[in-house]
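Report on one structure; see the data block that follows.
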Amino acid sequence: MPITSESKLHQADVTDVSSLPDRGLMIREPWISQILMKRKLWELRGTATKIRGRLALIRSGSGLILGECKLDDCLGPIGFETLIETGALSAIEREEIEHGGRAPYVKADGVTSKTFAWVVSSPILYPRPIAYNHPSGAITFVDLTRPGVIRCTEASSSRPETPMERFQQPLLL
1 MPITSESKLH
11 QADVTDVSSL
21 PDRGLMIREP
31 WISQILMKRK
41 LWELRGTATK
51 IRGRLALIRS
61 GSGLILGECK
71 LDDCLGPIGF
81 ETLIETGALS
91 AIEREEIEHG
101 GRAPYVKADG
111 VTSKTFAWVV
121 SSPILYPRPI
131 AYNHPSGAIT
141 FVDLTRPGVI
151 RCTEASSSRP
161 ETPMERFQQP
171 LLL
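Residues 1 to 173 (UniProt numbering) make up the sequence shown, in order.
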């Protein structure tokens, strides 16, 4: 679900790309919007991570960095019952999991969960998305320190778009 209320967003003015986090995390819609709106505190993945700290939030398939958050912890594997009862997921995601009848990531037996919660906090939406060049082979994380990954300027249009407009745009595939 796209962002519908600008009042719920914490925005940051990022004019110096050297202040960006070193690493970006690829997240699909609607989950990236849910994180930026503070409706989702767990990003569910099929593997654990030891990475912690600031991460840029990249909308998958868009070539754009929309904001950032902190990755504080990794929990799991987490079972089906915990996933449908937690307040750390958006209502949309809990309903999807409940409708599926199992954790999103399971072992070959089809039952045993291998779903991990990457615990995120302090989401910040940038006033304008920042364009980047997606490096070949990057699937989950993008190394933003590599030369040529960050484009010199923010993604621009004839006028600044509001956060509401930004999240209502379809993914660029």
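Even glycine gets a Cβ: it sits at the ideal position worked out from N, Cα and C.
- The three-state reading of DSSP puts Glu85 in helix, counting H, G and I together.
- The C-alpha of Arg59 is placed about 12 angstroms away from the C-alpha of Ile139.
- The Cβ-Cβ distance between Leu83 and Leu125 does not fall below 9 angstroms.
- Cβ atoms of Pro77 and Ser113 come within 8 angstroms of each other, at about 5 angstroms.
- Of the residues Ala108, Gly148, Arg128, His134, the one whose Cα lies closest to the Cα of Glu68 is Arg128.
- Bounds of the beta strand (DSSP E) holding Ser121 are 116-132.
- Ranking Trp42, Arg146, Ala131, Gly137 by CA distance to the CA of Lys70 puts Trp42 first.
- In the displayed model, Ser33 falls within a helix according to three-state DSSP.
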